[in-house]
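Take a look at the structure set out below.
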Amino acid sequence: MKLRALVVDDSRVMRGIVMNSLRKTGLAEFEFTEAESGAEAIAKFHPDRFDIVFVDWNMPQMNGIEFINLVRASHKTDHIPIVMVTSEKTKEKVDLAMKTVGATAYITKPFTPEEMEMQVGRLLALMPKA
Amino acid sequence: MSITNDALFFPVSPELCISFYEAIKETFVAMFGNEPVFLESDESHPGEIIIGIISLVGDIKSSMILMVPKSTATTLALKFTCSDIDYDSPDMSDIIGEISNIIAGDVVARLKARGIWTALSLPMIARGTDAKVQWPSELPSRTQRFTSSDGEFRSKIVAGWPGQWWKKVSGLNYNSAQG
Chain G
1 MKLRALVVDD SRVMRGIVMN SLRKTGLAEF EFTEAESGAE AIAKFHPDRF
51 DIVFVDWNMP QMNGIEFINL VRASHKTDHI PIVMVTSEKT KEKVDLAMKT
101 VGATAYITKP FTPEEMEMQV GRLLALMPKA
Chain W
131 MSITNDALFF PVSPELCISF YEAIKETFVA MFGNEPVFLE SDESHPGEII
181 IGIISLVGDI KSSMILMVPK STATTLALKF TCSDIDYDSP DMSDIIGEIS
231 NIIAGDVVAR LKARGIWTAL SLPMIARGTD AKVQWPSELP SRTQRFTSSD
281 GEFRSKIVAG WPGQWWKKVS GLNYNSAQG
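Line by line, the protein sequences are chains G and W. If you're matching positions, the first sequence starts at 1 in the working numbering and goes up one per residue. If you're matching positions, the second sequence starts at 131 in the working numbering and goes up one per residue.
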């Protein structure tokens with residue numbers, strides 16, 4: 001199984017950690033595209049280009065919530081799983097991301113490889129098989 | 131780490147200090163696998179350090195300054211990324227910014243549990259030798275020294291009030307953290 005993943009974080013190191021964690025899960029063969037802000041991610045975003053998105057919350061220019069809002073606003077992209085990966089951990093923030101804005105999964109930093117594998121494995125099980 | 135004596139936190143409120151110190155402890159345990167030990171208060175900033183600065187704004191205003199000596203930063207970066215990170219590289223700024231961000235995110239949750247709403251700023255990073263970050267003297271602050279098997283580091287907690295929140299920095303070069 002090959003997955004085209006967009007990884008959005010203003011920290012290059014964190015993007016690397018997310019990508020390494022995903023590779024280590026062995027759940028799929030990942031093909032990564034990176035963006036360092038929501039604005040750059042939107043510029044790279046295109047229907048049918050990505051199978052899954054991993055996005056940080058706090059970023060300059062456009063944050064992760066604003067990014068998800070834009071992706072969910074189009075019926076062409078509103079089905080794409082989006083995983084929020086963030087240090088924000090209050091219930092209000094989780095509810096905002098998951099219930100109000102429409103993130104598909106929520107992972108708080110620092111995360112373990114097991115947490116990443118569990119969350120992504122759950123999403124992959126729900127995705128239609130090619 | 132045992133936190134029992136309110137005098138340890140003077141002049142910053144115990145609630146604020148405990149939230150930060152417990153967040154520091156939990157973050158280091160989760161990220162680096164060891165619990166920092168709480169040492170005596172210490173205002174000195176010896177040698178080459180990298181500094182993460184992050185603020186909370188909301189019902190209260192506060193900032194944390196995480197001061198990490200070069201040797202500790204290098205060790206933490208290796209553990210965090212599983213690769214050697216050059217101390218002078220932007221990636222090192224990323225890492226200290228990310229650690230600051232994760233600690234502050236935990237503090238936001240701890241304060242929320244106490245009925246205090248706050249939101250995070252983006253982290254800033256500064257570097258310097260024998261550098262110190264100065265806030266106006268009327269704002270209460272508390273510097274705390276920690277040690278762990280990865281080396282020593284310090285945190286400075288600054289408490290502020292609406293309308294009295296500004297900072298002045300001397301002897302430092304700023305760059306925006308990518309944290």
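Just so you know, even glycine gets a beta-carbon here, dropped at the ideal spot from N, CA and C.
For a contact meaning CB atoms closer than 8 Å, what does residue i contact in chain W?
i                 : result
Glu114 of chain G : Correct list: empty, because the minimum Cβ distance to chain W is about 13 Å.
Glu88 of chain G  : Gly235, Val238, Leu250
Lys109 of chain G : Glu228, Asn231, Ile232, Gly235
Ile17 of chain G  : Phe210, Thr211
Buried or exposed, going by whether 16 or more other CB atoms sit within 10 Å of the CB of residue i?
i                 : result
Gly121 of chain G : exposed
Leu314 of chain W : A query on residue 314 of chain W cannot be resolved here, the shown segment of chain W reaching from 131 to 309 and no further.
Pro266 of chain W : exposed
Glu228 of chain W : buried
Pro47 of chain G  : exposed
Gly290 of chain W : buried
Glu114 of chain G : exposed
Met1 of chain G   : exposed
Leu196 of chain W : buried
Gln264 of chain W : exposed
Asn164 of chain W : exposed
Leu126 of chain G : exposed
Pro110 of chain G : buried
Glu92 of chain G  : exposed
Val61 of chain G  : In the sequence under discussion, the amino acid at residue 61 of chain G is Gln, which differs from the Val named in the question. Gln61 of chain G comes out exposed.
Leu3 of chain G   : buried
Cys212 of chain W : exposed
Pro176 of chain W : exposed
Along chain W, which residues have their Cβ under 7 Å away from the Cβ of residue i?
i                 : result
Lys132 of chain G : Residue coverage of chain G in this structure runs from 1 to 130, which leaves residue 132 of chain G outside it and unanswerable.
Within 9 Å of any Cβ in chain G, is that where the Cβ of residue i sits?
i                 : result
Glu165 of chain W : no
Thr273 of chain W : no
Thr205 of chain W : no
Phe210 of chain W : yes
Ala160 of chain W : yes
Phe150 of chain W : no
Ile180 of chain W : no
Thr259 of chain W : no
Ile287 of chain W : no
Ile195 of chain W : no
Thr202 of chain W : no
Ile215 of chain W : yes
Thr157 of chain W : yes
Asn305 of chain W : Model confidence at Asn305 of chain W stands at a pLDDT of 38, short of 50, so the residue's coordinates are unreliable; what they give is reported in the following sentence. Asn305 of chain W does not count as touching chain G.
Note down, in chain order, every chain G residue with its Cβ under 7 Å from the Cβ of residue i.
i                 : result
Glu228 of chain W : Ser11, Val13, Met14
Which residues share a DSSP beta bridge with residue i?
i                 : result
Ala39 of chain G  : The partner list for Ala39 of chain G (beta bridge, DSSP) is empty, contrary to what the question assumes.
Lys2 of chain G   : G:Glu29
Glu34 of chain G  : G:Val7
Lys24 of chain G  : DSSP lists no partner for Lys24 of chain G.
Gly290 of chain W : W:Lys191
Ile52 of chain G  : G:Ala5
Phe276 of chain W : W:Phe168, W:Phe283
Ser271 of chain W : W:Val288
Leu250 of chain W : W:Leu186
Just to make sure I have the definition right: I need the residues of chain G whose C-beta is within less than 9 Å of the C-beta of residue i. Which are they?
i                 : result
Asp280 of chain W : Near Asp280 of chain W there are no residues of chain G at all, since even the closest Cβ is about 15 Å away, more than 9 Å.
Name the chain W residues that come within less than 9 Å of residue i, Cβ to Cβ?
i                : result
Asn69 of chain G : Those do not exist, as Asn69 of chain G stays about 18 Å from chain W at its closest Cβ, beyond 9 Å.
Ile65 of chain G : Those within 9 Å of Ile65 of chain G in chain W number zero; the least Cβ separation is about 12 Å.
Does residue i have its Cβ less than 9 Å from a Cβ in chain W?
i                : result
Met84 of chain G : no
Pro60 of chain G : yes
Glu92 of chain G : yes
Ile80 of chain G : no
Runs of 3 residues minimum, wholly inside the region 137-214 of chain W: which ones carry the beta strand (DSSP E) assignment?
167-171, 178-188, 191-199
Taking a cut of 8 Å between CB atoms, which residues from the region 221-247 of chain W lie near chain C?
In summary, chain C is missing from the structure at hand, where the protein chains are G and W.
Every unbroken beta strand (DSSP E) inside the region 73-114 of chain G [3 residues or more]:
82-86, 105-108
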